[in-house]
Structure formats: structure tokens, C-alpha cells
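Trainee: I'd like to ask you about the structure that follows.
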Amino acid sequence: MTRGIFRVLLALAIFFVTSTASAQLLSPGPLSRGHAPLEGDQNCTRCHSSGKRVEQSLCLTCHNDLGQKIAAGAGLHGRTYRGRPCEQCHVEHHGVNNRLIRWPGGNQAQFNHAEGGWAFGGAHKAAACNKCHNRVNGRGAPTFLGLSQACTSCHKDFHEGRFGTSCAQCHNETAWRDAKVQSNFNHDLARFKLRGAHQRVSCAQCHGEPPKYVGLRFGACTDCHKDFHKGRLGPNCTGCHNETAWRPAILKPGTHPGVSLGNGHSSVGCKGCHDRGVLASPSKGTECVSCHKAVHKAPFGNGCGSCHASILWVGLPASIGYNSHPRTAYPLTGRHNQVECSGCHKPSVPRGQRYRGLKFGRCMDCHGDKHSGEFAKGEFGSECKTCHETKGFRPTLFGTQLHQKASFPLEGKHVAAACSGCHQNARPRLNLRVSKKVCADCHANPHGDQFATEMKDGGCAHCHQPTGWDQTKFEHAMWPLTGAHASARCEGCHSPTPEDRKRAAGPSWKGAPRECAGCHDDVHAGQFRQSEPKVSDCATCHTTATYKIPKFDHDKLTRYPLTGEHQRIGCERCHFPTKLKDGTEAVRYRLPSTECAFCHADPHTKKVASQ
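Add 14 to a position in the sequence shown, counting from 1, and you land on the number used in my numbering.
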């Protein structure tokens, strides 16, 4: 079995070795790197026909872009080498690193470029081949196809297309800057088109010798021509002159410098103003007031043209009025700038009078009194600007600061109260002079008639203040608050009685109990209600600072002075909680007996009398 497998493997090895050797014997040599994928006798017919040499048609199957050039008769292969066999210049089977092109002349640098259809010269001869031939084809391989002979395909067009694509009209291949413009150059392609007398001027008069074509100024006539008027008539020469001839000059009325000759001025002859010659300034001057009388009292200056036009002295645009009003005795501010001129200067009034003698010292010279005379007299006077401004009648400027000057200064929470809370009349008259200034005029009295006497003398201010209803300033002198009482809330003692609730008068502030038992529960279960001369009230043992007994004098306050060991034992050894009949507990302080046997056991009987 093993011997059979060995024979099969040996036969396969011999077959493959023989096949490889056969292929090597048929091939003249390895293909170049670009054609390496075509290695093997099965690919021979990709380039060779049977029994023949390399077929051009087979080459062009892959090199189809070159085939288009040949078909069009363009380029080196379509012109000079058309019909020649490919292998005459492109030799294969000389190894992987073989260069496929055999250049005429021996190398690429010696190639005659005229054979490719472009016989360049000048500076182009010094350019390296790869300066222009630096493209690759779709397979990533270098290619000499795809270039154009147009100058702008390699060079930047500094003229931005104005002179077309025929650069050779002015430039040559030797040097770019050595441009020679032909006499028949179409100047309409340039930024300065020649018209009139300019067409008869020689090129050298503008471009000089040697000629200069870049950086010439031509934006104004004075860039080339002398200004005989020395700037007096402005820079716009075309107002009088044209390109056909410098003389005669034709002055257009609308372009007359300084003063327009349109409308009213058009009927005035040149000599009517230019009494010293048409090119000399008038002897009277060039300002309006030189000829016209000044009628304005306001300091508007001499620039009448800023408001008036020569077409009509009156009937100014509203914009002129708004812009010039700051110079008058009444500058427009705020919403006055939005008022139509006719709102103040009535069209029904003759023109000569409508702008003069207007009253504007007080707002009510124009506006009605929205307050119906409410402020005709008073601490703020009748000046509207105290509360209002021209930005708008509302919101008012009258705030808390001005209110302090009123008969009712705002304090405490009154400062945050809305104006309408007190000034409640309907618009437009809001009853700004409020007659109610006593607390009870605005606030409900929750005390009923408890403080009728106090209300007649000083009112609520006896106890309350504007900063807050609960922030009272009542002096508790008749029953001084000490200890924990000082931090207790008022309603803790002054709580509404059933009668108070019936009449909705709030808590009772008068007649509150003054004894401890009137407010506090008796935790001693009545032990001290019996007549006890030494323990007359709660203050005998307790203070208002704390309910705990700070120090108790057992000798003075009880009928059982402590002696001996009794002085060192705790109170709770004798006074301990005792359950009462109602189920509650209370510490027993009033003991029924002071005999020893009440607490201590009889050593003879082992019993306690209290048990």
C-alpha cells in the first residue's frame, strides 16, 4: 500500500517539473514589471498571433487610450510612428527591470519633441521632461498622454481670461516679460477701452519705452492729464469734457460743482454769478447766503443745501426736519421723533407762521392733562417730567424714592405693594392722591373692639410695624416675659376663645391668665393645691428658664429636714412615680408620714409601714 502511494507522488512530481521546464524553453525571457501579469505560455496570444510577431492590434487592446490617438492621427504614435511595429521601440523579454522604451537618440532627453507634434523652443528647451510629463494613467503607471499645448494648461493666466488664450500674440517662449503687443491689439479686451481721441494715441505715449503693461493707473483722468482747474471743479472731468475732444467743454447743469444748476438756478445765466469769468469763482462767494437772505433764527449754519433743494425752498422732507431739529430750541427726543411734522406744524397755518411762535415750554401746551388737574397743586408741582419722559407716558418714573417725599412714605412691606393696591380708581384717573392713610382704612381689624382705646391714640402702630404684621413691638411690661416665655409665640398664650371664634375677632389679647396653671398642666396631680404656707405657688420650686428644679431647700420648704445619710440620697429614693386611680402616674412629693417605719423596714418584723 505504501509503495503504491509513493509511485503516484513520484509521477506527479515528474509531471510538474517537466511542464515548468517546457514553459521556460518556449519563452524568450522574463517580461518587464509592467507586463509581469502576462507571464506563462497560456498568455502568449495576448500579444502574439500564431506564427507571427507582436500584433499592434493586440497591444492596443490594453493600451486603448493610445489607440484613440493613433486613430485621430495625433501625437507621436499617430503622426510620426503611425504604422510602425510596437516592438521597434518597446522590446520585451529582457528581464523584470527592463525599460520598455528605446528612445530615439539614445535617451529621453535627446528626444526630438517636434516628432510629437510640438516643436517648442526658447525657455521650454531647458525644462526637464518630468516638469510637464508627471501624470499617471488609470493603472497608476507613468503616461505621456493627456497634456495640452495651451499655455494656460501649465502657466497661470495673470490676465484672468481678458485677452483670450492666444498668448503668442504678445509673448514668446524665450521670456515671459519680454512681451511685444501688436499694433492691432484689441484694446477692448483690456480694462481700459479706447474711445474717441484715445484711439489716435500711440502705444508709447501711455506704456512708454520700453513698454510697461502692468501697474498703470487709469482710474481718473488726472492719472494721465493735467488738471488745469487745479481741483476747483472736482475730479469728475466728464461733467464737462468727453473723450472725443477736450474743447469745447459742455457743462451739464446737474454736474455743476458746489451749486446745482437744476430747477430754480437753471434760469440764471453763467455771468449772473461768475462776474469775473466763467472759470473764476463768483466775487459774491459760493454760499447760499451770498445771494439769498437768511431767514432762520436757529443756528443752522450756511449749509442751506442740507435741508433745501433748488427745486423748491419750502416743503422739506420729514427726514430733514428730524435731523435738523436738535439745532432748534426744542430738540426732539423719545417718541417725539415719531410724530409727523404736521402734528405740531399744522398745515392749516400759513407756511410763514407754522414754524414760528409755537408754545412748547410745558407738556400741556400740546398734551391734555390725563390726571384731570389732580396735580395742579401739591408737593410735586405740575411738571409732567417728574413722573413721565418722552420715551413713553408709561411706565411712570414715579417710584419708591419719590414716594418718600409724598404725604405717605413707603416703609417695610408697603414698598413691595403694587400701586394698584392703593390707587384703585379706573383709568385714566387713578386717584393718585389717596385720602386713606390710616391702617384700618386699607387693612381689616382682626382684633374687633379689644383695642378701641388704643386705636383712638396711635392706632395699630402701638404694636405693629410696616416691616411685617408678626414683627410686633408690643411692650409686655405689665407681665414681663422672662426665661422660656420670651421665646414663646404670642398665640401660645393668646389663643382664640370660643367667643372669639364666634365673632371672628382673632385671639384674646386682654384678660389672658397670669397664673402658671392658667396655661400649664399640673403634673403634680393636685398635690400642692392644699393649703401649704411654705409652698405657695409654682415659683417656689420652678423658674421660667427651665421646668427642672435647680435647687430645693428641703429644710425650709418641708416639714421634714434632711439630716445624716438622708442628705446624700437622691430625691427619687423617697419620691417615686405612683399610679393614680385614673390610670396616670405622678411623682409623689407629699408623703403621708415622716416616720422611719414609713420608708424603712422594721429589722424585727422585716416589714415597712407603707406596705
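Ideal Cβ positions, reconstructed from N, Cα and C, are used throughout, including at glycine.
No experiment lies behind these values; they were computed from the predicted model shown.
Find out if the Cβ-Cβ distance for the pair Gln418, Leu424 is shorter than 9 Å.
Mentor: Yes, the Cβ-Cβ distance between Gln418 and Leu424 is below 9 Å.
Trainee: Hey, quick one: how far does the beta strand (DSSP E) through Glu393 stretch, first residue to last?
Mentor: Note, Glu393: premise wrong, no beta strand (DSSP E); not H, not E.
Trainee: Indicate whether the contact test is met: 3 or more Cβ pairs, each with one atom in the region 296-309 and one in the region 269-288, closer than 8 Å.
Mentor: Result yes; three or more Cβ-Cβ pairs closer than 8 Å.
Trainee: Mapping DSSP to helix, strand and coil, what is Ala600?
Mentor: Of the three classes helix, strand and coil, the one that applies to Ala600 here is strand, per DSSP.
Trainee: Once DSSP output is grouped into helix, strand and coil, what is the label at Lys139?
Mentor: Residue state, collapsed to three classes: helix.
Trainee: Residues in the same chain with beta-carbon distance under 8 Å from Thr560, minus the five sequence neighbours each way, listed in chain order, please.
Mentor: Here the set comprises Gly497, Ala498.
Trainee: Within the continuous beta strand (DSSP E) that includes Thr592, where are the two ends?
Mentor: It spans 591-593 - the beta strand (DSSP E) in which Thr592 sits, taken as one unbroken run.
Trainee: Could you check which residue in Ala466, Cys474, Leu203, Thr467 has the C-alpha nearest to that of Cys453?
Mentor: The candidate whose alpha carbon is nearest that of Cys453 is Cys474.
Trainee: By a C-beta neighbour count over all protein chains shown, 10 Å radius and 16 as the cutoff for buried, is Leu90 buried or exposed?
Mentor: When all chains shown are included, Leu90 counts as buried.
Trainee: Quick check: does the Cβ of Glu586 come within less than 8 Å of any heavy atom belonging to the ligand ADP?
Mentor: Absence of the ligand ADP is noted for the structure shown, with no ligands found whatsoever.
Trainee: Can you name, in chain order, every residue of its own chain whose Cβ lies under 6 Å from the Cβ of Val601, other than the five neighbours on each side?
Mentor: Only His589, Pro591 meet the Cβ criterion.
Trainee: Mapping DSSP to helix, strand and coil, what is Asp572?
Mentor: Correcting the residue type first, residue 572 is Thr in the shown sequence and not Asp. Thr572: coil per DSSP, three-state reduction.
Trainee: Between which residues of its own chain and Trp493 is the CB-CB distance below 6 Å, once the five residues before and five after are set aside?
Mentor: Closer than 6 Å at the Cβ level, and outside the excluded window around Trp493, lie Arg528.
Trainee: Residues bridged to Val654 by DSSP?
Mentor: Here the chain covers residues 15 to 625 and nothing more, so residue 654 does not appear.
Trainee: Using three-state DSSP, classify Gln56 as helix, strand or coil.
Mentor: Helix, per DSSP.
Trainee: Closest by CA to Gly462, which one among Cys380, Arg515, Phe389?
Mentor: When each option's Cα is compared against that of Gly462, the closest is Arg515.
Trainee: Flag this pair as touching only if the region 140-155 and the region 94-111 have three or more C-beta atom pairs under 8 Å; answer yes or no.
Mentor: The region 140-155 is not in contact with the region 94-111.
Trainee: According to DSSP, is Pro267 part of a helix, a strand, or is it coil?
Mentor: Helix.
Trainee: Taking the continuous alpha helix (DSSP H) assigned at Lys516, which residues delimit it?
Mentor: First-last of the alpha helix (DSSP H) with Lys516: 512-516.
Trainee: Please classify Thr467: does DSSP put it in a helix, a strand, or coil?
Mentor: If DSSP states are grouped into helix, strand and coil, Thr467 belongs with the helices.
Trainee: Could you check where the alpha helix (DSSP H) with Ser320 kicks off and where it finishes?
Mentor: Ser320 -> no alpha helix (DSSP H), and no H or E assigned at all.
Trainee: If distances are taken between C-alpha atoms only, which option among Tyr344, Asn351, Cys355, Thr342 comes closest to Pro331?
Mentor: It is Cys355 whose Cα lies nearest to the Cα of Pro331.
Trainee: Taking the alpha carbon of Pro313 as the point to measure from, which residue in His322, Ser338, Leu293, Cys305 has its own alpha carbon closest?
Mentor: Taking only the C-alpha atoms, the option nearest Pro313 is Ser338.
Trainee: Return the chain-ordered list of same chain residues with a C-beta closer than 7 Å to the C-beta of Phe125, the five sequence neighbours on each side being excluded.
Mentor: Answer for Phe125: Trp117, Pro118, Gly119, listed in chain order.
Trainee: Out of Ser449, Pro271, Gly506, which one is the CA nearest neighbour of Ala294?
Mentor: Ranking Ser449, Pro271, Gly506 by Cα distance to Ala294 puts Pro271 first.
Trainee: Report the CB separation of Gly335 from Lys405 in whole angstroms; it is logged as a contact under 8 Å.
Mentor: Between Lys405 and Gly335 the Cβ distance is about 20 Å, and since that is not below 8 Å, they are no contact.
Trainee: Does the region 165-179 come into contact with the region 196-204, if we say contact requires no fewer than three beta-carbon pairs (one atom in each stretch) closer than 8 Å?
Mentor: Yes, they touch.
Trainee: If you count every other CB in all the chains shown that lies within 10 Å of the CB of Ile84, and 16 or more means buried, which is it?
Mentor: Flag for Ile84 reads buried.
Trainee: Quick one, are the C-beta atoms of Arg447 and Glu388 less than 9 Å apart?
Mentor: Yes, the Cβ-Cβ distance between Arg447 and Glu388 is below 9 Å.
Trainee: Under the rule that 16 or more other beta-carbon atoms within 10 Å means buried, what is Ala37, buried or exposed?
Mentor: With a pLDDT of 44 at Ala37, under the threshold of 50, the modelled position of this residue cannot be trusted; read the value that follows with caution. Exposed, because fewer than 16 other Cβ atoms sit within 10 Å of the Cβ of Ala37.
Trainee: Here's the rule: buried if 16 or more other CB atoms are within 10 angstroms of the residue's CB, otherwise exposed. What is His239?
Mentor: Result: exposed.
Trainee: Can you tell me whether Leu495 is buried or exposed, with buried defined as 16 or more other CB within 10 angstroms of its CB?
Mentor: Exposed, by the Cβ-count rule.
Trainee: Tell me, please, which residues DSSP counts as bridged to Arg149.
Mentor: Beta-bridge pairing links Arg149 to Thr157.
Trainee: From which residue to which residue does the alpha helix (DSSP H) around Ser449 run?
Mentor: Taken as a continuous stretch (DSSP letters only), Ser449 belongs to no alpha helix (DSSP H), as it is neither H nor E.
Trainee: Can you have a look at Cys433 and say buried or exposed, based on whether 16 or more other CB atoms are within 10 angstroms of its CB?
Mentor: Its Cβ having fewer than 16 others within 10 Å, Cys433 is exposed.
Trainee: Suppose you measure from the CA of Val228 to the CA of Thr236; what does that come to, to the nearest Å?
Mentor: If I take the Cα positions, the gap works out to 18 Å.
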